[in-house]
Each structure stands twice: as structure tokens, then as C-alpha cells.
Amino acid sequence: MAGMSGKRLQKELAKIQGVLPPGITLVSAPDLQTWHMDLRILDNPLYPPHDHYRLKFSFSKNYPIEAPEVVFLRLTTDPRRDIPIHPHIYSNGIICLDLLDAQGWSPVHNVESICISIQSMLASNTKDERPPGDAEFVRSNRARPRDINFLYHDPSV
Amino acid sequence: MWHSLDDNDNAAAATTMEISGDIPDSTDWLNTPLKDFAQLENVLHCQICKEFYNCPMLTSCSHSFCSKCIRSSLSADGRCPACRTVDQASKLRNNWALEEVVATFLAARPKAISVARREQEQAQYSSRPGKRKRVVLDSDEVEESSRTTRSKSRKMAASQTSNPDVVDVDDSEGDDGAYEPEAVPDDGLVECPLGCGKRMKVEQVEPHLDRCDEEKELAQKANSRKSATLANRTIDRQSPRPQDRLAELNYSLLREQPMRKKLEELGIPGWGSKQLMVRRHTEWVNLWNANCDSTQPRTKRELLHDLDSWERTQGGKAPTASNMSTNIMRKDFDGDGWANKNKDEFSRLIADARRKKSNPESTPDQSKVDTGDEFAKPALDGDENSSPHFDSAGTNPPTSQKQSSSPYANNPDAMASIREKVEAANAGRHIEPLMNQGFENTALNATKDSTSSQPAHAHTSVLNPATPSVPGTENKAMMSDGFRQVREVSNDEHAVNQRTGSPARKVPMFELPSEPVNDIDGAGDGTHV
Numbered sequence: 001m002a003g004m005s006g007k008r009l010q011k012e013l014a015k016i017q018g019v020l021p022p023g024i025t026l027v028s029a030p031d032l033q034t035w036h037m038d039l040r041i042l043d044n045p046l047y048p049p050h051d052h053y054r055l056k057f058s059f060s061k062n063y064p065i066e067a068p069e070v071v072f073l074r075l076t077t078d079p080r081r082d083i084p085i086h087p088h089i090y091s092n093g094i095i096c097l098d099l100l101d102a103q104g105w106s107p108v109h110n111v112e113s114i115c116i117s118i119q120s121m122l123a124s125n126t127k128d129e130r131p132p133g134d135a136e137f138v139r140s141n142r143a144r145p146r147d148i149n150f151l152y153h154d155p156s157v
Numbered sequence: 001m002w003h004s005l006d007d008n009d010n011a012a013a014a015t016t017m018e019i020s021g022d023i024p025d026s027t028d029w030l031n032t033p034l035k036d037f038a039q040l041e042n043v044l045h046c047q048i049c050k051e052f053y054n055c056p057m058l059t060s061c062s063h064s065f066c067s068k069c070i071r072s073s074l075s076a077d078g079r080c081p082a083c084r085t086v087d088q089a090s091k092l093r094n095n096w097a098l099e100e101v102v103a104t105f106l107a108a109r110p111k112a113i114s115v116a117r118r119e120q121e122q123a124q125y126s127s128r129p130g131k132r133k134r135v136v137l138d139s140d141e142v143e144e145s146s147r148t149t150r151s152k153s154r155k156m157a158a159s160q161t162s163n164p165d166v167v168d169v170d171d172s173e174g175d176d177g178a179y180e181p182e183a184v185p186d187d188g189l190v191e192c193p194l195g196c197g198k199r200m201k202v203e204q205v206e207p208h209l210d211r212c213d214e215e216k217e218l219a220q221k222a223n224s225r226k227s228a229t230l231a232n233r234t235i236d237r238q239s240p241r242p243q244d245r246l247a248e249l250n251y252s253l254l255r256e257q258p259m260r261k262k263l264e265e266l267g268i269p270g271w272g273s274k275q276l277m278v279r280r281h282t283e284w285v286n287l288w289n290a291n292c293d294s295t296q297p298r299t300k301r302e303l304l305h306d307l308d309s310w311e312r313t314q315g316g317k318a319p320t321a322s323n324m325s326t327n328i329m330r331k332d333f334d335g336d337g338w339a340n341k342n343k344d345e346f347s348r349l350i351a352d353a354r355r356k357k358s359n360p361e362s363t364p365d366q367s368k369v370d371t372g373d374e375f376a377k378p379a380l381d382g383d384e385n386s387s388p389h390f391d392s393a394g395t396n397p398p399t400s401q402k403q404s405s406s407p408y409a410n411n412p413d414a415m416a417s418i419r420e421k422v423e424a425a426n427a428g429r430h431i432e433p434l435m436n437q438g439f440e441n442t443a444l445n446a447t448k449d450s451t452s453s454q455p456a457h458a459h460t461s462v463l464n465p466a467t468p469s470v471p472g473t474e475n476k477a478m479m480s481d482g483f484r485q486v487r488e489v490s491n492d493e494h495a496v497n498q499r500t501g502s503p504a505r506k507v508p509m510f511e512l513p514s515e516p517v518n519d520i521d522g523a524g525d526g527t528h529v
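Line order of the protein sequences matches chains A and B.
Okay, so the first sequence: first residue is 1 according to full-length UniProt numbering, each after it adds one.
Okay, so the second sequence: first residue is 1 according to full-length UniProt numbering, each after it adds one.
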């Protein structure tokens with residue numbers, strides 16, 4: 001079962017190439033290591049409905065036992081993608097979401113459910129702000145997202 | 001999730017699946033009158049690997065997963081993946097009923113899906129106006145009137161929601177061998193030329209031929225799996241388990257040597273760090289115990305093969321994570337070790353930086369190299385001084401004092417200068433340390449000038465080890481060639497630094513040694529500001 005991640009990702013990819021919930025689109029999945037997804041937030045005035053946000057998924061060989069690494073990407077060339085403003089999303093694209101952390105992750109999640117979680121996290125947002133200490137974190141952080149110990153203090157999202 | 005997809009898009013998804021090679025998948029059902037079976041098939045999937053349950057196990061919280069899946073998951077975080085309840089691998093129990101359901105479903109699936117597909121194709125065909133419709137009507141006239149309602153409802157089932165009753169009737173009709181010969185004249189269908197016993201329209205024979213073998217294989221596999229399951233279970237009840245489950249170890253109590261011994265006792269590789277051995281042992285325990293759960297235990301050789309493929313993908317022989325994230329520091333990076341190893345280098349750089357700060361006058365000296373002031377002058381001793389450095393710098397990595405002291409050996413002017421100093425020292429005057437010689441601002445004679453430019457040369461050539469080494473001769477032409485090379489190198493250096501110096505730069509946390517920081521700054525100030 002060493003090839004569990006490959007088999008499972010192939011299945012997920014087949015599903016994803018079919019139909020996805022509104023606002024979620026697969027951009028590219030060149031291999032079974034890195035996928036790109038585009039996200040649209042449908043009913044929140046903070047995020048104009050025509051704005052897309054690019055998510056990058058990086059899967060380890062241990063997926064789905066291990067959580068994938070999910071970050072927002074900023075693209076400056078066409079198509080332009082920005083990092084959505086949210087009190088739990090740092091301006092370098094790192095997302096503070098318990099689902100993506102080792103403690104919060106569960107193998108029953110999949111790419112689609114992660115996308116839906118992030119989408120709903122953005123859709124329910126009312127604060128037009130970055131996390132506290134964003135500038136400091138972005139400047140100093142060199143650790144991988146999964147190695148950062150976030151403090152999940154906000155149960156509302 | 002994808003259960004709740006709507007109809008039109010599903011059709012597209014299902015057709016792409018069929019085209020892409022007909023792997024059994026729950027979406028196979030979506031395009032047929034039996035599309036509720038997609039849901040049924042999904043609940044027979046393990047939520048971790050998304051495959052049909054392979055030896056399902058019940059957790060204490062009554063969720064089911066494949067044995068291997070749940071064991072891996074529990075050894076990773078000790079919680080049920082579905083409800084996050086704390087659980088232990090030793091509390092898992094076999095879910096025999098579910099295993100039987102899966103085996104039975106798998107055995108029945110190929111026939112069911114072919115029937116469902118046939119229904120779909122017929123429905124599509126008969127909804128088109130033309131010849132086929134008349135045939136249906138003809139046969140309806142011949143047969144009793146109930147037949148008409150069936151074909152009508154069949155059409156409806158295909159276009160909207162499925163009707164289980166209709167499906168059942170059609171199912172028995174299609175699969176009942178005794179009924180088939182009668183149906184021949186009615187339907188105008190032909191039998192599969194490969195002899196699988198299916199009946200279809202002439203147009204459908206071609207696409208069916210591709211699928212026929214696969215379907216038969218699947219059916220056989222599922223059948224054998226089912227019979228094997230049942231056979232083994234009867235054996236199982238009679239005799240106790242042939243193999244005992246392995247216990248999980250308390251890894252933190254075990255030292256490296258006993259750990260290695262333990263692994264070798266188990267017959268699995270005992271090399272690598274303790275961390276790796278722990279991971280290998282965990283994997284082996286999971287493989288082994290999952291095999292104990294299974295009704296069809298595999299041999300140890302097969303398990304070892306599995307472990308070997310684990311080793312190659314995730315274990316010690318796995319490709320390093322470099323292809324995935326080159327810009328990110330390794331998780332287990334030994335920062336202290338690296339700091340100790342490169343202590344000399346770091347302290348030299350710090351010393352350089354401090355010295356630079358206290359002697360800002362040295363900046364113009366260094367910038368000369370790059371601006372070409374010195375280059376424009378007829379090559380004097382400055383060139384000669386630079387030449388020996390190629391040899392030493394090209395072969396040696398920059399190592400503190402040695403770098404700046406050894407090159408003087410071949411340099412008559414420098415040696416003269418040193419001797420002068422020694423004499424001065426003997427005479428009781430103040431001695432400037434050798435390292436600082438170039439930065440001393442008193443008595444700027446030609447010799448000192450030349451020595452002062454040396455650190456810059458040394459560093460630039462260090463930066464580019466590919467620089468061809470120029471033997472330290474007195475040949476002027478050759479010297480100026482060498483000097484030009486130095487200049488080129490330093491230009492490159494600027495380009496590099498301009499790039500890596502941008503705010504978006506990504507470097508590992510401890511990557512310092514190859515860039516002498518002070519020289520870059522000095523040169524940058526001289527040329528670009």
C-alpha cells in the first residue's frame with residue numbers, strides 16, 4: 001500500500017475533472033504532487049464574484065494520512081491572482097486553518113472538501129484585514145506551513 | 001460531495017470515464033437508469049483510500065475502514081478519521097458482514113452494470129424517431145400490453161429518475177438465459193460474438209467488444225474473491241489464527257542498538273537512523289497486522305516486498321524532497337551542527353564585516369577593482385598580486401587566515417612589505433596585523449595599495465571556482481588577461497547579487513558561506529550608486 005497517495009489522488013482527480021461545486025475549478029494537475037485550483041467566492045461583498053484566487057496543493061507520499069500543504073498563490077502575470085484578505089490568511093498565502101494542520105487533519109478529507117472549507121471560510125468573513133502580526137510573520141517565516149504551530153483561537157470560522 | 005451532482009454534467013463526467021479506460025468507478029452508474037447504485041457503491045468505499053473496503057475493520061466508535069488504512073491513520077494521529085475519537089489499533093475488530101457485502105457486490109457488479117448500460121443505450125435509441133421505434137411498437141403489439149408501459153417507463157427512467165421496479169423487471173429479463181432465445185425475433189438483437197452471452201443491437205457490438213473481456217475478468221475476480229472469502233472464513237472458524245499480531249513498541253524507551261536488533265529479529269532491514277527505523281517498524285507492524293486481519297493472508301515475502309516499495313517511496317531510499325521544495329529548509333535540518341561546522345567561516349565573515357565598518361576608507365580601494373580604475377592603469381604590481389590567488393582560491397574553499405596569508409609567498413612585493421614590517425616590529429614600532437594591512441591608511445605606497453586590493457581579488461575568484469587558474473609568472477600580457485578575468489567575474493557577481501538581493505529572494509536559513517558580504521557592498525557602492 002505504499003502507493004496509496006497515488007491511487008487515491010488519481011481517483012480524486014478523475015472526480016474533480018467531472019463536476020465541482022460552484023466557484024471551484026481545477027486549473028492544472030500536471031502530476032500527483034502539485035495541483036492548482038481556482039476559487040471564487042460567490043456571495044461576499046469583500047471578494048468580488050469575478051475575482052479568482054489560486055490555491056496550490058502539495059501532496060506528500062503519505063497523503064491522505066498526512067495533510068496536503070495548501071497555500072494561496074499570488075500571480076502577477078496574466079491571469080492575475082491575488083491573495084484574499086482574511087484575518088486567517090497571511091499575505092504570503094499561508095492559511096491558518098486547523099483542517100490543514102496535523103492535529104486537525106483527517107484522512108477522510110479530500111481536495112474538494114478542503115476547497116469547500118476554504119471557500120466557506122472566506123464567504124463567512126466580515127473583516128477586511130490580515131492576521132495580527134502579518135508583516136512580521138511574512139518577513140521572518142521560513143518554515144513550511146505544516147511545521148508552523150498556529151494557535152487556533154477563533155472557533156467562529 | 002460528488003454524490004449530489006446534477007444529471008447533465010454527470011453524463012459528461014461518465015462518458016469521459018468510459019473513454020479513459022473503464023476503471024470500475026461509482027460514476028459508471030450515473031448515466032444509467034441505475035444511478036442510485038452510485039451512492040451504494042460509494043458507501044462501500046473506504047473513506048481513506050476511496051477503494052472498496054479491503055478487510056474492513058470496526059473502530060471503537062463504530063466506523064469502518066480498510067485494515068491497512070485505519071492502522072496507518074491511527075499510528076499517525078491516534079484518532080478515528082471520521083469522528084476524531086481517540087482510538088487504538090489494538091481495539092480494532094473485523095467487520096465481517098461488511099466484507100461479505102463488498103465481496104458480493106463486487107461479484108454482482110459487472111453484470112448489473114452491463115444490464116444498466118444496455119438499458120441506457122436502448123432508451124436512448126428508442127427515444128429517437130425512426131426505425132427502432134417501430135420495431136418496439138411491433139413487438140409491443142405482439143406481446144401483452146404491459147410491455148408498452150415498461151418501455152415507456154424505461155424511457156422516463158433514463159431521462160429523469162430511476163425506477164427500481166422497472167429496473168428489476170428488466171434485470172431478470174436480460175439475465176435470464178431461458179428467456180433469451182424467445183427474445184431473439186422480438187428485439188432484433190445479436191449475441192456477443194465473443195460469447196459472453198449478452199445481447200445487443202448491431203451498432204453496439206463494436207463498443208461492447210472493447211468492454212467484454214474486462215467485464216468478464218472483473219466478474220471472475222470478484223467471484224474468486226467472494227469464494228475465497230467464504231472458503232477462508234470457514235477455515236478460519238476451525239483453526240486459530242496462524243500468525244500473531246505484532247505489538248507496537250514504545251519507541252522512546254528503546255535505544256538505537258536494541259532497536260536495530262529488534263528490526264533484524266523481525267526480519268526487516270535494520271539500517272538507517274533511529275527515526276527511520278521507527279518509521280519502518282511502524283509501517284511493518286501496520287502491514288503485518290493488517291495481513292493478520294485479512295481472510296486471505298499473504299506470505300511474508302509479499303509483505304517484505306510491500307515494505308520494500310514503501311522504503312523506495314517514503315522510507316530511507318525515497319528520493320529526497322528536493323524536487324518538491326528546494327527553497328525550503330529541511331524539517332530535520334541540524335542548525336547547530338551546521339553552525340559548528342562552519343564556525344570558522346562565520347566568524348571570519350563577522351570579522352570582515354566589523355573591520356569594514358570600522359574602516360570605511362577601504363571601500364574605494366575595493367571598488368577600484370570593479371570600476372576599472374586600476375585596470376585602466378598600466379598593470380603594475382597589483383596585477384601580479386592578484387595572480388597567485390587563482391591557484392589557491394580555485395582549489396581551496398575560503399578558509400579564514402590561510403586564504404589571505406599564503407598567496408604572499410609567491411609575491412616578491414608583498415614579501416618585501418612583510419619583511420619591512422617585521423623589521424619595523426623588531427625595531428619596536430607598532431605592528432599592524434597582517435589581515436588589516438590593506439586597510440591601514442597610513443603610508444600609501446604602491447606596495448600597500450596593491451596588497452589592499454587583494455582581498456577583493458581573492459573573494460571574487462572564490463565566488464567563481466570555474467575561473468581558470470593563471471600561473472604566477474611575470475608576463476605582463478598574461479597578467480592583464482588574468483585581470484580581465486577578474487573583472488568579468490566581478491561583473492557576474494554583481495548580476496548575481498542584484499538578482500538574489502531582491503526582496504523576493506528565497507534562501508535556506510543558513511546559506512551564507514559563498515558570499516563575502518562586505519566586498520559586495522563595497523563594490524556595489526562604487527559602481528552602481
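Don't be surprised by glycine CBs; every beta carbon is placed ideally from N, CA and C.
query, result
"From what residue to what residue does the alpha helix (DSSP H) around H281(B) run?", "K274 to D293"
"I'd like the list of long-range same chain contacts for S117(A), defined as Cβ closer than 6 Å, with 5 residues on each side in sequence excluded.", "L99"
"In whole angstroms, give me the CA-to-CA distance for S90(B) and I70(B).", "11 Å"
"Ends of the beta strand (DSSP E) at I116(A)?", "Counting along the chain, I116(A) falls outside any beta strand (DSSP E), though it belongs to the alpha helix (DSSP H) covering V111 to A123."
"Considering only the alpha carbon of each residue, which of M415(B), T299(B), E283(B) and G267(B) lies closest to G315(B)?", "E283(B)"
"Using a Cβ-Cβ cut-off of 9 Å, state whether R348(B) counts as contacting chain A.", "no"
"So, is the C-beta of P56(B) closer than 9 Å to a C-beta in chain A?", "no"
"Less than 7 Å between C-beta atoms, sequence neighbours within five positions excluded: which residues of the same chain meet that for L246(B)?", "V285, W288 and N289"
"Near V86(B), what residues of its chain come up, given a Cβ to Cβ distance below 7 Å and the 5 sequence neighbours on each side ignored?", "G78 and R79"
"Please report how far the alpha carbon of R298(B) lies from the alpha carbon of A143(A), in whole angstroms.", "42 Å"
"Going straight from the alpha carbon of A414(B) to that of N342(B), what length do you get?", "30 Å"
"Please determine, among D38(A), P107(A) and D78(A), the residue with the shortest C-alpha to C-alpha distance to P68(A).", "P107(A)"
"If you drop the 5 nearest sequence neighbours on each side, which residues of the same chain put their C-beta closer than 6 Å to that of S67(B)?", "C55, M57, A290 and D293"
"Determine the contact status of H86(A) and M121(A), defining contact as a CB-CB distance below 9 Å.", "yes"
"With three or more C-beta pairs closer than 8 Å as the rule, is the region 32-40 of chain B touching the region 107-117 of chain B?", "yes"
"Is the beta carbon of V19(A) closer than 9 Å to that of F57(A)?", "no"
"Alpha carbon to alpha carbon, how far is E264(B) from S64(B)? Give it in angstroms, no decimals.", "33 Å"
"Could you tell me whether the Cβ of S106(A) comes closer than 9 Å to any Cβ of chain B?", "yes"
"Note down the Cα distance separating K61(A) from S72(B), rounded to an integer number of angstroms.", "13 Å"
"Between which two residues does the alpha helix (DSSP H) harbouring K300(B) extend?", "K300 to T313"
"Going by DSSP in three states, F65(B) sits in which element: helix, strand or coil?", "strand"
"Reducing DSSP to helix, strand and coil, say where D344(B) ends up.", "helix"
"Short of 6 Å in beta carbon distance, which residues of its chain neighbour S60(B), apart from the five on each side in sequence? Order them along the chain.", "D87 and K91"
"Is any heavy atom of the ligand HEM found at a distance shorter than 8 Å from the C-beta of Q119(A)?", "As presented, the structure is devoid of all ligands, the ligand HEM included, so that no description of it is given."
"Go through the UniProt domain \"UBC core\" (4-157) of chain A residue by residue and report every complete run of the alpha helix (DSSP H) that reaches 4 residues or more, in order.", "4-16, 111-123 and 134-140"
"Among residues of its own chain, excluding the 5 on either side of Q122(B), which ones have a beta-carbon nearer than 6 Å to its beta-carbon?", "none"
"Name, please, each residue of chain A whose Cβ falls closer than 9 Å to the Cβ of C49(B).", "M1, M4, K7, R8, K11, P64 and P107"
"Drop a sphere of 10 angstroms on the beta-carbon of G133(A), count the other beta-carbons inside from all chains shown, and report buried for 16 or more, exposed for fewer.", "exposed"
"Going along chain A in order, which residues have a C-beta closer than 9 Å to the C-beta of T27(B)?", "A14, K15 and G18"
"Could you have a look at L58(B) and say whether DSSP puts it in helix, strand or coil?", "strand"
"I'd like to know whether the C-beta of S73(B) is nearer than 9 Å to at least one C-beta of chain A.", "yes"
"According to DSSP, is F105(B) part of a helix, a strand, or is it coil?", "helix"
"Is the Cβ of Q119(A) closer than 9 Å to any Cβ of chain B?", "no"
"Using a Cβ cut-off of 7 Å, pull out every chain A residue sitting near R84(B), in sequence order please.", "S106"
"Excluding the 5 residues preceding and the 5 following residue 536(B) in the sequence, name in chain order all residues of the same chain whose CB lies nearer than 7 Å to its CB.", "Because chain B is modelled from 1 through 529, residue 536(B) falls outside the range shown and cannot be assessed."
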